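Data first, discussion second: the structure below is written as structure tokens.
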Amino acid sequence: MYFSLITENYFTSRVSFTCVDGREFFYSTNFYHPTTSNNSIVWKDFEGGKVTQVGPIADNGDLSVNSQFAQKLMSFDPYAVEVYPSKLELEDGVVENRYLLAINNIIDVLDYEKSDIEISPRSGKQIVHILYLSEKKLKKIPLEQRVAFRVKGVETAMFFCEEFFNIIDSDSRFNSLRKEKIDINNRAPKF
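Yeah, the sequence shown ends on 191 if you go by the UniProt record's numbering, and it's all consecutive.
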């Protein structure tokens, strides 16, 4: 069994965005709050990025994706994924027809036996140093609930199912993304 990582390629990206319109509270939590917006949520690049440098995904904790990526993801009818219209402002123009994806689907698939976990002596909270996902737990989750997800206890990481990865990986429009299909027996990235 596999899961996947699909995101902006940080090694080649020349843009960095910040939410500037005051509606970040709609999507910036790890709680699913179904809301809607008629007007695009605005992210702005303050570091001199250009329109031509924007890829299919801009990752700012949540994802601003182009319409092609959004359509492919939404065709799976993913559970607990909020979708908002989005636009990106840059030094030389605006990129529109984008969607902000807030992945608020947090599932309990942490493999407690294989992962390196410590309990903080100060807060008493769990700290995961090395993350592994449980194949047994993941197999029990219906497809629509594992299309796009975060792992309970390690909410900084965002993952996608193998089926979605295969669609994105076979489409050349997404070649610039950081994409990795990961065997369930291998260590998972935490961010």
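Ideal placement from N, C-alpha and C gives every residue a C-beta, glycine not left out.
Computed from a prediction, not measured in an experiment: that's the story for all the values here.
Item: Please name the residue, chosen from 120, 77 and 178, that lies closest to residue 146 on a Cα-to-Cα basis.; Value: 77
Item: Based on Cα-Cα distance, which residue from 16, 2 and 97 lies nearest to residue 84?; Value: 97
Item: Taking all protein chains shown into account, do 16 or more other C-beta atoms lie within 10 angstroms of the C-beta of residue 92, making it buried, or fewer, making it exposed?; Value: exposed
Item: Quick one, which of 89, 138 and 19 has its alpha-carbon nearest residue 60's?; Value: 19
Item: Nearest to residue 110 by alpha carbon, out of 79, 154, 1 and 123?; Value: 154
Item: When we look at the beta-carbon of residue 160 and count the other beta-carbons within 10 Å, is it buried (16 or more) or exposed?; Value: buried
Item: Am I right that residue 157 and residue 189 are in contact with their C-beta atoms under 8 Å? What's the rounded C-beta distance?; Value: 6 Å
Item: Look up residue 180 in the DSSP assignment and say whether it is helix, strand or coil.; Value: strand
Item: By Cβ distance below 8 Å, which residues in the same chain neighbour residue 167 in space, the five residues on each side in sequence not counted?; Value: 72
Item: Assign residue 94 to buried or exposed, taking buried as 16 or more other Cβ atoms, counted over all protein chains shown, within 10 Å of its Cβ.; Value: exposed
Item: Using the beta-carbon count (16 or more within 10 Å), is residue 183 buried or exposed?; Value: exposed
Item: Check whether the Cβ atoms of residue 177 and residue 39 sit closer than 8 Å, and answer yes or no.; Value: no
Item: Within 8 Å, do at least three Cβ pairs link the segment 42-59 to the segment 11-28?; Value: yes
Item: Report the option in 13, 24 and 63 whose CA atom is closest to the CA atom of residue 52.; Value: 13
Item: In chain order, what residues of the same chain have a beta carbon less than 8 Å from the beta carbon of residue 11, not counting five sequence neighbours either side?; Value: 178
Item: With a cut-off of 8 Å on the beta carbons, I'd call residue 130 and residue 115 a contact; round off their distance for me.; Value: 6 Å
Item: In the DSSP assignment, what residue or residues form a beta bridge with residue 150?; Value: 106
Item: Quick one: measure Cβ to Cβ for residue 79 and residue 162, integer angstroms, because I've assumed they're closer than 8 Å.; Value: The Cβ separation is near 17 Å, so there is no contact.
Item: Quick check on DSSP: helix, strand or coil for residue 163?; Value: helix
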